[in-house]
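Quick note: to get this note's numbering, add 4 to the position in the sequence shown (first position is 1).
Even glycine gets a Cβ: it sits at the ideal position worked out from N, Cα and C.
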Amino acid sequence: MDTRWFWFRSSSRCLIIQLSHCNYIPDILRSFLEDRTITVVGVWNNQERFHQRLEIWRLVDIRDYLPTWLWKCSFEMIVEECLGYQGVRKDKEICRSNWGARNLSDDQIVQASHDVYVCCKLGVKERVWKMRA
5 MDTRWFWFRS SSRCLIIQLS HCNYIPDILR SFLEDRTITV VGVWNNQERF
55 HQRLEIWRLV DIRDYLPTWL WKCSFEMIVE ECLGYQGVRK DKEICRSNWG
105 ARNLSDDQIV QASHDVYVCC KLGVKERVWK MRA
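Spelled out as structure tokens, the structure:
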């Protein structure tokens, strides 16, 4: 995936960075991702660090912190079981769309925002920063 997104707990904003459109990774972004006090939480994103030539200090797949019976469940099932949110859906067409496009569609932005919000909520709930040093 060529797009990385972040949600900051202190705000209601989500930052989307399209690394595929960067000629290089800015030092401030590299420093942020390599910061040993920051945990990056996602679902199925453990290969991204290699594609972007980033050394992310703590890149966590949230499934590793969930009950084993949820490991192979859909994103929707994980959200419902762990957070109690019903009706959260990942549209397969949006998931398969061109995330490397210079201008993401509104649907892609909404999908990315939902993904990062859920991963952040699960990361906080499971306290993943305490479990991995």
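Practice problem: Only counting runs of 3 or more residues, tell me where the beta strand (DSSP E) segments fall wholly within the stretch 48-135, in order along the chain. | Solution: Listed in chain order, they are 62-65.
Quiz prompt | Rounded distance between the beta-carbons of V64 and G127, thought under 8 Å | solution = Within the sequence shown, numbered from 1, the residue matching residue 127 stands at position 123. Within the sequence shown, numbered from 1, the residue matching residue 64 stands at position 60. In this structure G127 is in contact with V64, their Cβ atoms being roughly 7 Å apart against a cut-off of 8 Å.
Quiz item: Taking the C-alpha atoms as reference points, what is the distance between A137 and C123?
Solution: As a working mapping, residue 137 is identified with position 133 in the sequence shown. As a working mapping, residue 123 is identified with position 119 in the sequence shown. Because the pLDDT of A137 is 49, which lies under 50, any placement of that residue in the model is unreliable, and the number read from its coordinates should be weighed accordingly. If you draw a straight line from the Cα of A137 to the Cα of C123, it is about 19 Å long.
Self-check item: Backbone secondary structure at I20 - three-state DSSP
Solution: Counting from 1 along the sequence shown, the entry for residue 20 is found at position 16. It is a strand residue.
Quiz item: Per DSSP, T43 forms a beta bridge with which residues?
Solution: The residue given as residue 43 occupies position 39 in the sequence shown. Per DSSP, R62.
Self-check item: Cβ-based burial, F79 [other Cβ within 10 Å; buried from 16]
Solution: In the sequence shown, counting from the first residue as 1, residue 79 sits at position 75. Buried: at least 16 other Cβ atoms inside 10 Å.
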